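Visitor:
Number of protein chains: 2
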Amino acid sequence: MNIGDIVTAGASRLKPKDEVWKYKKYICRAKILDLTAGGKIVVLNEQEAHENDLYASHRVVLSCGKKQEVAIIDLSHDLVSRGEIMLFSEVLSEFDAKEGDQIEIMHMQRPASIEYIKKKMDGGELAEKEMDIVMTELMQNRLSEAELSSFITSMYIRGLTQDEVVGLTNSVVASGQTLQLGRSPICDKHCVGGVAGNRTTMVVVPIIAASGLYIPKTSSRSITSAAGTADTMETLCSVSLPIDDMREVVQKSKGCVVWGGALRLASADDKLIKIRNPLSLDPEGVMLASILAKKKSVGAEYVVIDIPIGRGVKLANQAEAKKLADQFISIGKRLGMKIEVLITDGSEPIGVGIGPALECADVISVLNNTGPTDLREKSCRLAGEILEMTGKVKKGSGFDTAESVLNSGKAIAKFQEIVELQGGKKGIKLSDVPVAKQRHIVVAEADGRVFHIDNRMLSKIARAAGAPNDKVAGVKLLCERGDKVRKGDPLFEIHSDSETKLDFAVKALEGWEGVELEKSVLSRVG
Amino acid sequence: MNIGDIVTAGASRLKPKDEVWKYKKYICRAKILDLTAGGKIVVLNEQEAHENDLYASHRVVLSCGKKQEVAIIDLSHDLVSRGEIMLFSEVLSEFDAKEGDQIEIMHMQRPASIEYIKKKMDGGELAEKEMDIVMTELMQNRLSEAELSSFITSMYIRGLTQDEVVGLTNSVVASGQTLQLGRSPICDKHCVGGVAGNRTTMVVVPIIAASGLYIPKTSSRSITSAAGTADTMETLCSVSLPIDDMREVVQKSKGCVVWGGALRLASADDKLIKIRNPLSLDPEGVMLASILAKKKSVGAEYVVIDIPIGRGVKLANQAEAKKLADQFISIGKRLGMKIEVLITDGSEPIGVGIGPALECADVISVLNNTGPTDLREKSCRLAGEILEMTGKVKKGSGFDTAESVLNSGKAIAKFQEIVELQGGKKGIKLSDVPVAKQRHIVVAEADGRVFHIDNRMLSKIARAAGAPNDKVAGVKLLCERGDKVRKGDPLFEIHSDSETKLDFAVKALEGWEGVELEKSVLSRVG
Numbered sequence: 004m005n006i007g008d009i010v011t012a013g014a015s016r017l018k019p020k021d022e023v024w025k026y027k028k029y030i031c032r033a034k035i036l037d038l039t040a041g042g043k044i045v046v047l048n049e050q051e052a053h054e055n056d057l058y059a060s061h062r063v064v065l066s067c068g069k070k071q072e073v074a075i076i077d078l079s080h081d082l083v084s085r086g087e088i089m090l091f092s093e094v095l096s097e098f099d100a101k102e103g104d105q106i107e108i109m110h111m112q113r114p115a116s117i118e119y120i121k122k123k124m125d126g127g128e129l130a131e132k133e134m135d136i137v138m139t140e141l142m143q144n145r146l147s148e149a150e151l152s153s154f155i156t157s158m159y160i161r162g163l164t165q166d167e168v169v170g171l172t173n174s175v176v177a178s179g180q181t182l183q184l185g186r187s188p189i190c191d192k193h194c195v196g197g198v199a200g201n202r203t204t205m206v207v208v209p210i211i212a213a214s215g216l217y218i219p220k221t222s223s224r225s226i227t228s229a230a231g232t233a234d235t236m237e238t239l240c241s242v243s244l245p246i247d248d249m250r251e252v253v254q255k256s257k258g259c260v261v262w263g264g265a266l267r268l269a270s271a272d273d274k275l276i277k278i279r280n281p282l283s284l285d286p287e288g289v290m291l292a293s294i295l296a297k298k299k300s301v302g303a304e305y306v307v308i309d310i311p312i313g314r315g316v317k318l319a320n321q322a323e324a325k326k327l328a329d330q331f332i333s334i335g336k337r338l339g340m341k342i343e344v345l346i347t348d349g350s351e352p353i354g355v356g357i358g359p360a361l362e363c364a365d366v367i368s369v370l371n372n373t374g375p376t377d378l379r380e381k382s383c384r385l386a387g388e389i390l391e392m393t394g395k396v397k398k399g400s401g402f403d404t405a406e407s408v409l410n411s412g413k414a415i416a417k418f419q420e421i422v423e424l425q426g427g428k429k430g431i432k433l434s435d436v437p438v439a440k441q442r443h444i445v446v447a448e449a450d451g452r453v454f455h456i457d458n459r460m461l462s463k464i465a466r467a468a469g470a471p472n473d474k475v476a477g478v479k480l481l482c483e484r485g486d487k488v489r490k491g492d493p494l495f496e497i498h499s500d501s502e503t504k505l506d507f508a509v510k511a512l513e514g515w516e517g518v519e520l521e522k523s524v525l526s527r528v529g
Numbered sequence: 004m005n006i007g008d009i010v011t012a013g014a015s016r017l018k019p020k021d022e023v024w025k026y027k028k029y030i031c032r033a034k035i036l037d038l039t040a041g042g043k044i045v046v047l048n049e050q051e052a053h054e055n056d057l058y059a060s061h062r063v064v065l066s067c068g069k070k071q072e073v074a075i076i077d078l079s080h081d082l083v084s085r086g087e088i089m090l091f092s093e094v095l096s097e098f099d100a101k102e103g104d105q106i107e108i109m110h111m112q113r114p115a116s117i118e119y120i121k122k123k124m125d126g127g128e129l130a131e132k133e134m135d136i137v138m139t140e141l142m143q144n145r146l147s148e149a150e151l152s153s154f155i156t157s158m159y160i161r162g163l164t165q166d167e168v169v170g171l172t173n174s175v176v177a178s179g180q181t182l183q184l185g186r187s188p189i190c191d192k193h194c195v196g197g198v199a200g201n202r203t204t205m206v207v208v209p210i211i212a213a214s215g216l217y218i219p220k221t222s223s224r225s226i227t228s229a230a231g232t233a234d235t236m237e238t239l240c241s242v243s244l245p246i247d248d249m250r251e252v253v254q255k256s257k258g259c260v261v262w263g264g265a266l267r268l269a270s271a272d273d274k275l276i277k278i279r280n281p282l283s284l285d286p287e288g289v290m291l292a293s294i295l296a297k298k299k300s301v302g303a304e305y306v307v308i309d310i311p312i313g314r315g316v317k318l319a320n321q322a323e324a325k326k327l328a329d330q331f332i333s334i335g336k337r338l339g340m341k342i343e344v345l346i347t348d349g350s351e352p353i354g355v356g357i358g359p360a361l362e363c364a365d366v367i368s369v370l371n372n373t374g375p376t377d378l379r380e381k382s383c384r385l386a387g388e389i390l391e392m393t394g395k396v397k398k399g400s401g402f403d404t405a406e407s408v409l410n411s412g413k414a415i416a417k418f419q420e421i422v423e424l425q426g427g428k429k430g431i432k433l434s435d436v437p438v439a440k441q442r443h444i445v446v447a448e449a450d451g452r453v454f455h456i457d458n459r460m461l462s463k464i465a466r467a468a469g470a471p472n473d474k475v476a477g478v479k480l481l482c483e484r485g486d487k488v489r490k491g492d493p494l495f496e497i498h499s500d501s502e503t504k505l506d507f508a509v510k511a512l513e514g515w516e517g518v519e520l521e522k523s524v525l526s527r528v529g
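Protein chains in written order, with my numbering: chain A, 4 to 529; chain B, 4 to 529.
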């Protein structure tokens, strides 16, 4: 759907005012400023804009040659003269405009989406066509942050019906590219986040691909955690592949681990997430659509989803997780995907490393059959589930098959193949993973037993030390839950590439208890 | 309440992360660009910002000398070098910064309001203290458009209790200046908008002031109509008075008609309106608080409110209007204001002029006892109500008293006094009102009877002709509802100061039927 279609779709709703403003347009010469303005922003001469009934933060449709873009206007009385328009890098990247080029400025019609946002706000149910228009206008930059925030808030308060989730998923898929692999069966996995060090993807993908099934895996970067799978894989090779390169990697090796953000798959979702972030709103229906759209856009037919529960992760108990799982399964069915869900214990980190390079080391150790048991077992459970779902192995033998692929060395070989195809070193091994020069060991302040290892606190410490931007930064656990420790025994080690950041992370420890020791006396009164 | 208090108030809710980011700050030299950025925006060097964990559209607290301001950051890799910060006019107007001055940049803590916005979203009731924190952070520019939009959306969907409206009103009053008049009794009036030409304020104020009561009236400018009272009064004199000048005018003449926007009364409301605008959301509780805060901030004790109903205005029927009136009265009582409400017929324009100068002419004609009867009668009803409420005259004689003030010439004399005190010409008269050079008469296309004169359509035509920016632009009615007209008879005249705009307005007529003639056959099928 393009701008023209939107105008047609919205035609019956156009107010007379809109019809008239269509006639109002004026032409300016481009003045170029290579500045990231944080959005599609142009600057117009204040007086000239007012004469054309345009005011600060109005949106306009710009035409340059045959290209059209929607932008938000800022005004200045001295930075641009009459007849000039200042363009910043976000608009320039869409237009091939040069200094002095003619840019036509038109009033933007009221977005058709406003009506549907209102409908949702008033408790109505949106049809797929209506969701489509909202997602299309979102992609065209026609909706302001305020309008989108209102839409998310309405979905949060009113909830989404199953029909709406299906509609939203299809709209989000349609908003971006899709991977046309031309092979089958296509498998996928997803973990509903929150668990530190949970890098099962990098173990599951080589097991599945080595077993002869396709798994074109896209992963995300970290938002608030110490590392996303994309950040971790990037320690070894490129993850920002264009879609044609991704297809080639998968056609050759049957698997890949790439960054979804580089692919423009399910593009509308990336924009929705940006709005959800400042408010930390995550309406369940939007979360479902967001995850399922990413699976659908790579053509997934079999999907296993890991829902961790427990202290500090999104879902607190079995009952909530079961409800969400049922939603995944029944909506997945309507979208043509077979989905199975594993509810897992997410109250503590998986593996011993937290941070890109440290998690990478855990992954390679597991693939070498030496690594942390928890990461190995969880990965084999997930891979086993996929093997059974697709009928590749019979019910009940998935886990064992996954383990035997690991034991045989086929998984590490497949991993090395994928890393190399994604531009990494040939025959990658543990000693290739970079290690931080700056380290600090945190010790027990008293005797006791390790009672809890906290996902959120350790992620914060790892971030304070520089993760995920600094690949080697993070936290390495030196104890396990249940360990008896004496005062002065090591609990974990903070890694960083800079002394300043290490100091900063150590300072941060005052408020953040990453490893809690059992205390028989909780507090003392009087 | 200042930024320090907010930090204290929010202290118990601070997450460890916030505590730590407090230590992170860096200092840059000011680089000045006198550009209206449409918000408090600064540009930082991209790489340097990232090293300090700051990303596009994050908010920061800037310190310059002893002043602090919250701003949103944009990033550039070439416009500013390391160690530089670019300031635009919105921030410059708060700081007295010069090129090269030191500006300290700090991470902004998560606004305390987020918790209350979430609470409202989840159906909770906000205490006055909580509303206060939201309004204070709003005024400090600590809340993003997305966050505010989410707040308005939540209030729209969840509604506000009467306690919340009282709390919100008090918070909005506290957010701005208040008029300390030191006189009594103080009266006020308000009209819930939507009726074209409804300039009763400019007639009521001189009647009330001439009767010996105080009426420090603040009015608004037009947002979507052809003229607000402030725009209309501005045809004759200044309306942008600082609060000390306003007080002086009222102490001398007992009345005034000034623009509320210039006064920083109920400041938070102006910010809320800006957010409501793009979505046209107007949650009832917010509307009530917005109106009542403006009355309370001038110290009003007696207020009459005009609620128009009918085709094309906000409220469609008596029942809705009655419900709103009851709300006004009972919330007013809790705020210490005696309120009475008149429900009026708002389906057609009042007076014959639509547009600043044309409405001014109607007002002066009424004050001269020659003007449009509908404007005269409505004004006397409103003024009469105030005279009775305050006990100035006995029940039932208000209207007659108001008429006799008009008849005696005291009202026009008072009006002239006020105009002069506000910087206008001495002894202002009808011939001083400017008249447009460009005019176009719209005639009946067929024989018929005038069936409906449309507020919204005529306002649109007046705006297309240049109102309210061009004072003389607008529409002058040449017929009344019920008139029998023949094809070619004049219906109304479009006024403009420019031929281009007049052409534009005439073109606009194609879609906009300002005056509808009765049609016995509505459509023909087959």
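Cβ coordinates follow ideal geometry from the N, Cα and C atoms, glycine included. Owing to the predicted nature of the structure, the values given are computational and were not obtained by experimental measurement.
1. Between which two residues does the beta strand (DSSP E) harbouring E519(A) extend?
2. Any beta-carbon of chain B closer than 8 Å to the one on V478(A)?
3. Taking Cβ-Cβ distances below 9 Å as the criterion, which residues of the region 146-176 of chain A are in contact with chain B?
4. Of all the options K70(A), V453(A), S300(A), which has the alpha carbon lying nearest to the alpha carbon of V488(A)?
5. The beta strand (DSSP E) with I160(A) in it runs from where to where?
6. Please tell me whether D191(A) and I218(A) are closer than 8 Å, where the distance is taken between their beta carbons.
7. Please tell me whether S174(A) and A271(A) are closer than 8 Å, where the distance is taken between their beta carbons.
8. In angstroms with no decimal places, state the Cα-to-Cα distance between V301(A) and I294(A).
9. Taking any Cβ of chain A, which residues in the region 378-390 of chain B have a Cβ under 8 Å from it, in chain order?
10. Keeping to the same chain, check which residues put their C-beta closer than 8 Å to that of K25(A); ignore five residues upstream and five downstream.
11. For the structure I just gave you, are there three or more beta carbon pairs, one from the region 480-498 of chain B and one from the region 446-465 of chain B, closer than 8 Å?
12. On the CB-based measure, 16 or more other CB atoms within 10 Å of its CB, does V46(B) come out buried or exposed?
13. In the DSSP assignment, the alpha helix (DSSP H) including M340(A) goes from what residue to what residue?
14. Cβ of M124(A) less than 8 Å from any chain B Cβ?
15. Check distances from the C-beta atoms of the region 51-83 of chain A to those of chain B and list, in chain order, the residues that come in under 7 Å.
16. Can the beta-carbon of D365(B) be found less than 8 Å from the beta-carbon of G200(B)?
17. Do L291(B) and I334(B) have their beta-carbon atoms positioned less than 8 Å apart in this structure?
18. Which bits of chain A does D37(B) rub up against, with CB to CB less than 9 Å?
19. So, at 7 Å on beta carbons, what are the nonlocal neighbours of N372(B) in its own chain, with the 5 sequence-adjacent residues on each side left out?
20. Please list the terminal residues of the continuous alpha helix (DSSP H) segment that includes P209(A).
21. Please confirm whether I464(A) has its beta-carbon closer than 8 Å to some beta-carbon of chain B.
22. Could you name the residues of chain B that L327(A) contacts, counting a contact when the two beta carbons are closer than 7 Å?
23. Please confirm whether L282(B) has its beta-carbon closer than 8 Å to some beta-carbon of chain A.
24. Output needed for I75(B): all residues of its chain with C-beta closer than 7 Å, excluding positions within five of it in sequence on either side, in chain order.
25. Given V242(B), which residues of its chain have a CB within under 6 Å of its CB, disregarding the five upstream and five downstream residues?
26. For the beta strand (DSSP E) containing M111(A), list its first residue and its last residue.
27. Along the chain, where does the alpha helix (DSSP H) containing A468(B) start, and where does it finish?
28. Just how far apart, CA to CA, sit A360(A) and D99(B)?
29. Looking at chain A, is there any beta carbon in it that lies within less than 8 Å of the beta carbon of I278(B)?
30. Measure the C-alpha to C-alpha separation of I67(A) and N48(B) and round it to an integer number of angstroms.
31. When you compare the region 322-330 of chain B with the region 373-392 of chain B, are there three or more beta-carbon pairs, one atom per stretch, that lie closer than 8 Å?
32. Kindly list, in the order they appear in chain A, the residues whose Cβ is closer than 7 Å to that of V45(B).
33. Exposed or buried, which one is M460(A) when buried takes at least 16 other CB atoms within 10 Å?
Guide: Based on what the coordinates show:
1. E519(A) -> beta strand (DSSP E) spans 518-520.
2. Closer than 8 Å: no.
3. Closer than 9 Å at the C-beta level to chain B, one finds these residues of the region 146-176 of chain A: S147, E148, A149, E150, L151, S152, S153, F154, I155, T156, S157, Y159, I160, R161.
4. Out of K70(A), V453(A), S300(A), V453(A) has the C-alpha closest to the C-alpha of V488(A).
5. In the DSSP assignment, I160(A) falls outside any beta strand (DSSP E) and lies within the alpha helix (DSSP H) extending over 148-161.
6. Their beta carbons are under 8 Å apart, which means D191(A) touches I218(A) by this criterion.
7. In this structure, A271(A) lies closer than 8 Å to S174(A) by Cβ.
8. When rounded, the distance between both Cα atoms is 12 Å.
9. Residues of the region 378-390 of chain B with a C-beta atom less than 8 Å from some C-beta of chain A do not occur.
10. Reliability of the predicted coordinates at K25(A) is poor, the pLDDT of 47 falling under 50, and the value obtained from them is presented with this limitation in mind. Correct list, in chain order: M109, H110, Q112.
11. Touching, yes, given that three or more Cβ pairs across the two stretches are closer than 8 Å.
12. Label assigned to V46(B): buried.
13. Unbroken run through M340(A): none, as it is neither H nor E.
14. Yes, contact with chain B.
15. Residues are counted here when their Cβ sits less than 7 Å from a Cβ of chain B; for the region 51-83 of chain A these are A59, S60, D77, L78, S79, D81, L82, given in chain order.
16. Yes, these two residues count as a Cβ contact at 8 Å.
17. Cβ distance < 8 Å, so I334(B) and L291(B) count as in contact.
18. Below the 9 Å Cβ cutoff, chain A contributes S79, H80, D81, L82 as neighbours of D37(B), in chain order.
19. For N372(B), the CB contacts under 7 Å within the same chain, skipping 5 residues up- and downstream, are L409, N410 in chain order.
20. Element bounds for P209(A): 204-213.
21. No - not a single Cβ of chain B is within 8 Å of the one on I464(A).
22. The premise fails here: L327(A) is roughly 19 Å from chain B at the closest Cβ pair, so nothing lies under 7 Å.
23. Yes, L282(B) counts as interfacial toward chain A.
24. Cβ within range, chain order: G42, K43, I44, S60, R62.
25. Contacts found: A233, M236, V261, W262.
26. Counting along the chain, no beta strand (DSSP E) covers M111(A), and no H or E run does either.
27. Under the DSSP assignment, A468(B) falls outside any alpha helix (DSSP H); it carries neither an H nor an E label.
28. Rounded to whole angstroms, the gap between the alpha carbons of A360(A) and D99(B) is 47 Å.
29. Chain A, which has a Cβ nearer than 8 Å to the Cβ of I278(B), makes this yes.
30. A small fix is needed here, since residue 67(A) is Cys in this sequence, not Ile. Near 29 Å, if we compare the C-alpha coordinates of N48(B) and C67(A).
31. The region 322-330 of chain B makes no contact with the region 373-392 of chain B, as fewer than three CB pairs between them are under 8 Å.
32. Near V45(B) there are no residues of chain A at all, since even the closest Cβ is about 11 Å away, more than 7 Å.
33. Answer is buried; the Cβ neighbour count reaches 16.
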